[in-house]
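Here the sequence shown stands for residues 36 to 178, where the numbers follow the numbering used here.
For each residue, glycine too, the CB sits at the ideal point set by N, CA and C.
Computed from a prediction, not measured in an experiment: that's the story for all the values here.
Notes to accompany the following structure.
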Amino acid sequence: MIEYQTDNIFAKILRGEIPCEKVFEDNNSIAFMDIMPQSNGHLLVVPKSPSVGLLDADSTILGNLFTTVQKLARAAKQALDADGVTIMQFNGSAAGQTVFHLHVHIIPRYEGVSLHHHGAAPADPEVIKSNAAKIRAALSSKI
Ligand code: AMP
């Protein structure tokens, strides 16, 4: 397993050094829109605590992390009128991981619509902004 590096892109987002389209933050994690979404409304939940992936994470952070994943998955499904939600999480480059700070993908799914390739193409920033606004609105309503 590789060592955790503090210059990874999600660590920079967590430190506020680069921007993101944030939809949620609490003491344990943040959630923001994926810039190369595999479906409309793809977002990421990132714990603040540093670990490369699931395998080296402190188990005490995982409970909070998955509670947040559930909250965001419900909000995204409702906000974007999705038919289902795929949750993905990759460990190691052999498994498809490209950013080496633990994160969970929340990918809204629509009947009959296939996923785009992983990290293949950036989406229109205006669409990402609009999806983020809808998810924030769903989070602030009771779900
Ligand atoms: P993984 O391959 O599981 O490590 O996933 C990394 C994800 O981060 C991919 O889906 C990328 O599209 C996404 N990503 C990379 N850079 C950024 C960024 N600056 N803001 C938001 N998402 C990003």
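Looking at residue i: is its Cβ nearer than 9 Å to the Cβ of residue j?
i: E56; j: F67; result: yes
i: D69; j: T103; result: no
i: L78; j: H136; result: no
i: Y39; j: S86; result: yes
i: A188; j: M71; result: Because the chain in this structure spans residues 36 to 178, residue 188 falls outside the shown range and cannot be described.
i: K83; j: I65; result: yes
i: G76; j: A114; result: yes
i: P143; j: A173; result: no
i: V80; j: H138; result: yes
i: I170; j: L107; result: yes
i: N126; j: I96; result: no
i: T133; j: H153; result: yes
Identify whether residue i lies in helix, strand or coil by the three-state DSSP scheme.
i: L150; result: coil
i: S64; result: strand
i: F101; result: helix
i: T95; result: helix
i: I122; result: strand
i: F135; result: coil
i: V58; result: strand
i: R144; result: strand
i: V162; result: helix
i: L79; result: strand
i: S175; result: helix
i: L115; result: coil
i: I170; result: helix
Within 10 angstroms of its Cβ, does residue i collect 16 or more other Cβ (buried), or is it exposed?
i: P179; result: With the chain running from 36 to 178 in the structure shown, residue 179 is simply not present.
i: V162; result: exposed
i: S94; result: exposed
i: S74; result: buried
i: G88; result: buried
i: A130; result: exposed
i: L90; result: exposed
i: A168; result: exposed
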